[in-house]
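Please read the structure below before turning to the comments.
In this note's numbering, the protein residues as written are -7 to 233.
What follows is the structure, encoded as structure tokens:
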């Protein structure tokens, strides 16, 4: 009798363990040496007039090396501006998927997320790393493995059950071209999280995206770090009422 009860309990515990969402598992604790290393790096950065590095930890399911400088600013913006603002996300430039992971952690319906990452060598491992992390973290976004073609908006919208209301953009100055090819993708967009890699130099006041934002009546509402501290990651919003 006792053995039977124990067997049932073990089966129940095992079943619950299998059902755990990898994205809900807390990051591994930071080691003391890692903490000291970060402080030393930031002392050097302060002396040389550079922006301090911050850490934004990912769940342990994220399997690729995501160093101290790798998209931490973009992830912090995604964490702040996805939950409660976005119901359906189009991500232009997924890289290895660290920002995609944060978006997935903050979406109510994780299927409403399409990531465009062409099948080519890219920073942080590109498409192959993105696919590995999607599998390891059991994420539910759809991957588009090529550069978008003109008139492809209908295909992308077929992957989600709500029109895209948010864009997350890190595509090396591609946004204007993407609008020209598929303006329908922008129809319902309320918020754009965007790394300002369109500016030349990266600390310039304006870049090629500004005219597009003005045309679409977007206003800048927040700003963080991008380009490993060399440019800004901004949030632009508009009312569609």
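By construction, the Cβ of each residue, glycine as well, lies at the ideal position given by its N, Cα and C atoms.
Compare the Cα-Cα distances from residue i to each of the options and report the closest residue.
| i | options | result |
| --- | --- | --- |
| residue 75 | 95, 83, 87 | 95 |
| residue 86 | 166, 231, 135, 23 | 135 |
| residue 62 | 227, 230, 228, 219 | 219 |
| residue 69 | 203, 210, 190, 184 | 184 |
| residue 175 | 154, 143, 158, 201 | 143 |
| residue 202 | 193, 42, 188, 195 | 188 |
| residue 210 | 231, 151, 126 | 231 |
| residue 105 | 24, 158, 194 | 158 |
| residue 81 | 141, 179, 42, 15 | 179 |
| residue 97 | 16, 192, 152, 21 | 16 |
| residue 79 | 137, 33, 26, 182 | 182 |
| residue 137 | 152, 151, 150, 111 | 111 |
Quick check: residue i and residue j, are their CB atoms within less than 9 Å of each other?
| i | j | result |
| --- | --- | --- |
| residue 65 | residue 221 | yes |
| residue 186 | residue 160 | yes |
| residue 93 | residue 54 | yes |
| residue 101 | residue 173 | no |
| residue 163 | residue 84 | yes |
| residue 127 | residue 214 | no |
| residue 148 | residue 177 | yes |
What span of residues does the beta strand (DSSP E) with residue i cover, start to end?
| i | result |
| --- | --- |
| residue 12 | Where residue 12 is concerned, there is no enclosing beta strand (DSSP E), given that its DSSP letter is neither H nor E. |
| residue 77 | No beta strand (DSSP E) contains residue 77, which DSSP labels as neither H nor E. |
| residue 135 | 134 to 136 |
| residue 212 | 211 to 218 |
| residue 226 | 223 to 229 |
| residue 164 | Per DSSP, residue 164 belongs to no beta strand (DSSP E) and is neither H nor E. |
| residue 184 | 183 to 187 |
| residue 106 | 105 to 108 |
What span of residues does the alpha helix (DSSP H) with residue i cover, start to end?
| i | result |
| --- | --- |
| residue 203 | 200 to 207 |
| residue 33 | 24 to 39 |
| residue 94 | 90 to 97 |
| residue 149 | 145 to 149 |
Using a Cβ-Cβ cut-off of 8 Å (strictly less than) and excluding sequence neighbours within five positions of residue i, which residues of its own chain qualify?
| i | result |
| --- | --- |
| residue 13 | 130 |
| residue 122 | 86, 87, 88, 89, 92, 107, 109, 135 |
| residue 19 | 49, 50, 51, 52 |
| residue 22 | 47, 49 |
| residue 194 | 188, 219, 222, 223 |
Is it buried or exposed for residue i, if we count other Cβ within 10 angstroms and need 16 for buried?
| i | result |
| --- | --- |
| residue 146 | exposed |
| residue 31 | exposed |
| residue 196 | exposed |
| residue 233 | exposed |
| residue 0 | Confidence in residue 0 is poor, its pLDDT being 47 and thus under 50, which makes the residue's placement unreliable; the coordinate value appears in the next sentence. Residue 0 should be labelled exposed. |
| residue 67 | buried |
| residue 119 | buried |
| residue 28 | exposed |
| residue 25 | exposed |
| residue 225 | buried |
| residue 35 | exposed |
Go through its chain and collect everything with a Cβ distance to residue i's Cβ below 6 Å, but skip five positions before and after it.
| i | result |
| --- | --- |
| residue 103 | 132 |
| residue 227 | 73, 185, 213, 214 |
| residue 37 | 44 |
| residue 190 | 165, 199, 200, 201 |
| residue 151 | 106, 134 |
By Cβ distance below 7 Å, which residues in the same chain neighbour residue i in space, the five residues on each side in sequence not counted?
| i | result |
| --- | --- |
| residue 168 | 200, 201, 204 |
| residue 171 | 178, 204 |
| residue 124 | 55, 56 |
| residue 42 | 221 |
For residue i, decide whether its Cβ has a neighbour in chain B, counting only Cβ atoms nearer than 9 Å.
| i | result |
| --- | --- |
| residue 106 | This model lacks chain B altogether; it includes just one protein chain. |
Are there any heavy atoms of the ligand FMN lying less than 8 Å away from the beta-carbon of residue i, as far as the coordinates show?
| i | result |
| --- | --- |
| residue 105 | The ligand FMN is absent from the structure shown, which contains no ligands of any kind. |
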